[in-house]
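A.B. asks: Provided herewith is a single structure, encoded as structure tokens, for subsequent inquiry.
Residue numbers (the numbering used here): 641 to 1705.
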């Protein structure tokens, strides 16, 4: 291995010069391992050749192509076959299908169900086809040699749908429905022959239709209805794809009459007329269905008081099952807990987190009126009571609200939103209600406190993108609300925070006090989920904009319920994924902090224990006692552009040299120090030449010539001393290496010196060098590595200061261009320090071999070269730096404030806490290390808290499922059965009511049993981790994630585009 390394390091001129630039020397020596293991996942390749066309390999190739490239395979092999099969369905098929009736065996049948919807490819006679479709009136039929479309009404044999009786039977007192009775079904819009039952006059036509799963559009003398299947299909397509009622009904019309030749109805004079507009009828049906569906899911139909007994917010189902709800998913005795004596890990589990925000896409034009389109059961669902809300708003019509946070403009927009011709400018989240004039405090106050009705609060974490302003005087404003909205909570137990994505837009003074990253008990909460909810809802904005109050109200209620349910379904996967990440990443951050902490404890003058006390106290009291100084803020002395330039000029002066030789004593250390200086000069010259590009200016060429002359003179002096201290060097060089050593035509920066560390083995060094020379080099290389790390840290600090100065002070093209030139010089210096360290470490590895010294001088990867406030560079960030490839210099990702995006997942590079960190009396470095220690400590705490919270949320979800199961079982027997003339529910209806309750109870049971089994292994690992036990194998679990399900749970995209669909109009 050593000979291979030596051969690599001492390659020809071109390779070596390139290696000097790229730093590839780090890879020599074999000390790095290829981290390609996939967390315990083994990928097995199939035996046999792949793509060879023979044996098992050929079979594998076919399977692979069919799975990965199905379209290409189909285009190449199956297009003609597919076309023939499509045409086959247009005719009668094989003779056995049309030679006799598939039912009664009569000859020459003519009819079949269109597109073989229900009874296969056989043909039937008119009597059989009518009999088979009497209960399937919406199916289309086909007749003739080429199959012309027909309906049951076109047959000579009458096929009439009979309601109120069992299938196949007829009512002796039947009453025929309207001759143009229309059914809207998923197969199309059909005119059908229908008869009502006349046996029981107490059962209305409306009820008979609903008992047949047909929803009437009107309550009296209905003539249009929709099948429940069609309504449910529209419900899903509308909520998921935001398809409008117009488009849905129009698509059904085209299925029924695509060429426009068929009529749907006839006039009173018998003349044919075009299809009537069924959109209005369908909109009415959908509104009624959504109203009743919300009440059905909330169990309103399982109590005697019925709809009239609906309470405020009772229809807001499903509710969040992870939130703490007393007597539902909290342990017994919750109300008697001694919070002060409780362990902190147990206390923050019971925090309630509330996120609030406003959406300005969901505006509503001033159309229709409340009298024409009233809101039904106002305040019973997700939208709070409009009457109480309006009364509160009237008291604050002319109030002005002033923001002291210059970094965020929502407060300014609050009184500047467009309002001409608009009834509503948006909606506020939490408890949902309309905004009349932007995001004003009077609106958001009411929604904030209304959303907390029914909760027994002990601790509260409230987030809002302008919480820095909203939290001021909030308790005074609460007193202006009705008494039922007043919170019964100790105000010191309320924490305020700004969502992570919104926080950088605030002024710096808001960062530490309102960051989730530095909030005790918050875990990994980011509070941006409310924005993801708006993204889901924005697609319906164009439709709700032109709706009346009642239509818009029920549309939003139905959409909220749909969205909440699918978020609940997605939590089964999401919580498992979060726990797996919490174990893996939490352990990584714990270990990183442990290493950082141990490194700083070895540095004199650092009060690490005091920092811990400061963080613990500040995180728990700063919202109560006020900000007494954040441990996460670094107070920097002002740095000017002139000072940065002076630092660069001084550095250039000390590192370039002008060729003047300094008198030295003729000693081994003098000889080796000369070699180290020459190597550094070679690297600096190579970097400068590469940075200048292929076309340097005449001034640059002259500078390079002078520096090359200086390096050549110094190399000649080194060769003379080398003959003294390494007299037998040539005996241990290869022929090609001797040519490199003797050549006079090589560029000075590409000439190898052949220091003792460059020799292939300890034996070669012992023979070729003077006694003890390799030990002297090892000592010098140790100092060089330490100096290189110090220069690297200093360069990174300069880059951070320069970036911050640029952001705060540079505006305009000229200033930015000049600033980029300065940053370029800083980055080149950083790159040179990185290369110097790598060469010094490689030399130490050859001189000393592996040992304890590697604890101080670790392998330096490109991702380790980052400042105190920089994030670990991800793949996408690395791709951003490709344009600097010619220089090999990365710009870095400096934070612009106290809290930057990605703060919760950031880790500190080892270069800042290695034992070689020369803190000394550098107060600026002390402060920087203090800030990073506090952040690393909090990050480790937040990851641990999040694991505790996820475990608690899993437990709550399971307990909520058990509670829901018990509640539905109780509802199954809650209605009073009517006996004789007593009031109560019909026994026949009670059977259905009971069945629905038991169905829901069974669903709840299956859900919580499923998640309990799925989560059990991972919860055991999390419990062991939280107890401090080492987990064998880590948290290598595979969470199968359905992308459609994850859309509800953790979408990272907040889309602002306004949809063009019209839902009801």
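Note that the Cβ used here is the ideal one computed from N, Cα and C, for glycine as well.
(1) How big is the Cα-Cα spacing for residue 1571 and residue 1312?
(2) When you compare only the Cα positions, how much space is there between residue 786 and residue 801?
(3) When DSSP labels each residue in this structure, what does residue 1183 get in the three-state scheme?
(4) What is the rounded straight-line gap between the Cα of residue 1154 and the Cα of residue 1075?
(5) Give me the Cα-Cα distance between residue 986 and residue 1256, rounded to the nearest whole angstrom.
(6) Give a yes or no on whether the C-beta atoms belonging to residue 1339 and residue 1388 are separated by under 9 Å.
(7) Taking C-beta to C-beta, are residue 1097 and residue 1133 nearer than 9 Å?
(8) Give the secondary structure of residue 1049 by DSSP, where H, G and I count as helix, E and B as strand, and everything else as coil.
(9) If you run the structure through DSSP and keep just helix, strand and coil, what is residue 1155?
(10) Using beta-carbon positions only, say whether residue 1658 and residue 1219 come within less than 9 Å of one another.
(11) Do residue 934 and residue 1190 have their C-beta atoms within less than 9 Å of each other?
(12) State the DSSP-derived secondary structure class of residue 1409, mapped to helix, strand or coil.
(13) Return yes when the Cβ of residue 758 is within less than 9 Å of the Cβ of residue 782, no when it is not.
(14) Taking the beta strand (DSSP E) that residue 1101 belongs to, which residues open and close that run?
(15) For residue 1099 versus residue 974, is the C-beta spacing smaller than 9 Å?
(16) Quick one, are the C-beta atoms of residue 1473 and residue 1429 less than 9 Å apart?
(17) How is residue 741 classed by DSSP in three states: helix, strand or coil?
(18) My assumption, with CB atoms under 8 Å, is that residue 1192 sits in contact with residue 1159. Please give the rounded CB distance.
(19) Mind reading off the beta-carbon distance from residue 1223 to residue 1587? Whole number of angstroms is fine, and I expect it under 8 Å.
(20) Are there three or more Cβ pairs, one per stretch, closer than 8 Å when the segment 866-885 is compared with the segment 814-834?
(21) I'd like to know whether the C-beta atoms of residue 720 and residue 1001 end up nearer to each other than 9 Å.
(22) Going by DSSP, which residues form a beta bridge with residue 708?
(23) Any chance the segment 1399-1413 sits against the segment 1330-1338, with 3 or more Cβ pairs inside 8 Å?
(24) If we require 3 or more residues per run, which beta strand (DSSP E) segments fall completely within the segment 759-809?
(25) What do you reckon, are the CB atoms on residue 864 and residue 836 nearer than 9 Å?
(26) Compute the beta-carbon to beta-carbon distance between residue 1091 and residue 994, rounded to the nearest angstrom, for a pair I have assumed lies under 8 Å.
(27) Among the residues of its own chain, which have a CB less than 6 Å from the CB of residue 966, if the five just before and after it don't count?
(28) In three-state DSSP terms, what is residue 829?
(29) Within a Cβ cutoff of 6 Å, which residues of the same chain sit near residue 1129, ignoring the five residues on either side of it in sequence?
(30) According to DSSP, is residue 1255 part of a helix, a strand, or is it coil?
(31) What residue from 830, 1209, 1611 has the CA that sits closest to residue 1638's CA?
(32) Have a look at 1326, 1317, 1361, 1357 and flag the residue whose alpha-carbon is nearest the alpha-carbon of residue 1307.
(33) Have a look at the DSSP bridge pairing and note the partners of residue 1117.
(34) Have a look at the DSSP bridge pairing and note the partners of residue 996.
(35) Could you pull out every unbroken alpha helix (DSSP H) segment of at least 4 residues lying fully inside the segment 1349-1425, listed in chain order?
C.D. replies: Taking the structure as given:
(1) Locating residue 1571 in the chain shown gives position 931, counting from the first residue. Locating residue 1312 in the chain shown gives position 672, counting from the first residue. Cα-Cα distance, rounded: 40 Å.
(2) Translated into positions along the chain shown, residue 786 becomes position 146. Translated into positions along the chain shown, residue 801 becomes position 161. Residue 786 and residue 801 have their C-alpha atoms spaced approximately 28 Å apart.
(3) The residue given as residue 1183 occupies position 543 in the chain shown. Correct three-state label for residue 1183: helix.
(4) Position 514 of the chain shown, counted from the start, is the residue given in the question as residue 1154. Position 435 of the chain shown, counted from the start, is the residue given in the question as residue 1075. Going by C-alpha positions, residue 1154 is about 25 Å away from residue 1075.
(5) In the chain shown, counting from the first residue as 1, residue 986 sits at position 346. In the chain shown, counting from the first residue as 1, residue 1256 sits at position 616. Looking at the backbone, the Cα of residue 986 and that of residue 1256 are separated by about 17 Å.
(6) In the chain shown, the residue the question calls residue 1339 occupies position 699. In the chain shown, the residue the question calls residue 1388 occupies position 748. Contact flag unset, no.
(7) Start at 1 with the first residue of the chain shown, and residue 1097 comes out as number 457. Start at 1 with the first residue of the chain shown, and residue 1133 comes out as number 493. Their beta carbons are under 9 Å apart, which means residue 1097 touches residue 1133 by this criterion.
(8) The sequence position of residue 1049 within the chain shown is 409, counting from 1. Because residue 1049 sits at a pLDDT of 49, beneath the cut-off of 50, its placement in the model cannot be relied upon, and the following sentence gives the value as read from the coordinates. Three-state result, residue 1049: coil.
(9) Translated into positions along the chain shown, residue 1155 becomes position 515. DSSP places residue 1155 in coil when its eight states are reduced to three.
(10) As a first step, residue 1658 must be located in the chain shown, where it is residue number 1018. As a first step, residue 1219 must be located in the chain shown, where it is residue number 579. Contact: yes.
(11) Position 294 of the chain shown, counted from the start, is the residue given in the question as residue 934. Position 550 of the chain shown, counted from the start, is the residue given in the question as residue 1190. Not closer than 9 Å, so no.
(12) Locating residue 1409 in the chain shown gives position 769, where the first residue counts as 1. Three-state result, residue 1409: coil.
(13) Looking up residue 782 in the chain shown gives position 142. Looking up residue 758 in the chain shown gives position 118. Result no, Cβ atoms of residue 782 and residue 758 do not sit closer than 9 Å.
(14) Position 461 of the chain shown, counting from 1, holds the residue named residue 1101. That run of the beta strand (DSSP E) goes 1100-1104.
(15) Locating residue 1099 in the chain shown gives position 459, counting from the first residue. Locating residue 974 in the chain shown gives position 334, counting from the first residue. Here residue 1099 is not near residue 974, since their CB atoms are 9 Å or more apart.
(16) On the chain shown, position 833 is the one that residue 1473 refers to. On the chain shown, position 789 is the one that residue 1429 refers to. In contact: residue 1473 and residue 1429 (Cβ atoms closer than 9 Å).
(17) Here residue 741 refers to the residue found at position 101 when the chain shown is read from its first residue. In this structure, residue 741 counts as coil in the three-state DSSP scheme.
(18) Counting from one through the chain shown, the residue named residue 1192 turns up at place 552. Counting from one through the chain shown, the residue named residue 1159 turns up at place 519. Not confirmed; about 37 Å, so no contact.
(19) By 1-based counting over the chain shown, the position of residue 1223 is 583. By 1-based counting over the chain shown, the position of residue 1587 is 947. Confirmed, about 7 Å.
(20) yes
(21) As a first step, residue 720 must be located in the chain shown, where it is residue number 80. As a first step, residue 1001 must be located in the chain shown, where it is residue number 361. No. Outside cutoff.
(22) Here residue 708 is taken as the residue at index 68 of the chain shown, counted from 1. In DSSP, residue 708 forms no bridge with anything.
(23) no
(24) 781-783, 788-790
(25) Residue mapping note: residue 864 aligns to position 224 of the chain shown, counting from 1. Residue mapping note: residue 836 aligns to position 196 of the chain shown, counting from 1. Going by C-beta atoms, residue 864 is not nearer than 9 Å to residue 836.
(26) For the purposes of this step, residue 1091 is identified with residue 451 of the chain shown, where counting begins at 1. For the purposes of this step, residue 994 is identified with residue 354 of the chain shown, where counting begins at 1. Indeed, because the Cβ distance is near 6 Å, the residues count as touching under 8 Å.
(27) Indexing the chain shown from 1 puts residue 966 at position 326. Only 974, 1096 meet the Cβ criterion.
(28) Translated into positions along the chain shown, residue 829 becomes position 189. In the structure shown, residue 829 sits in a strand (DSSP, three-state: E or B).
(29) Taking the chain shown and counting its residues from 1, the one referred to as residue 1129 is at position 489. The residues are 1097.
(30) Along the chain shown, read from residue 1 onward, the residue named residue 1255 stands at position 615. Helix at residue 1255.
(31) Within the chain shown, the letter at position 998 stands for residue 1638. Relative to residue 1638, the option among 830, 1209, 1611 whose CA is nearest is 1611.
(32) The residue given as residue 1307 occupies position 667 in the chain shown. With distances taken between Cα atoms, residue 1307 lies closest to 1361.
(33) As a first step, residue 1117 is located in the chain shown; it is residue number 477 there, counting from the start. None; residue 1117 has no bridge partner.
(34) Indexing the chain shown from 1 puts residue 996 at position 356. 1104.
(35) Those alpha helix (DSSP H) runs which fall completely within the segment 1349-1425 and span 4+ residues are 1375-1382, 1402-1408.
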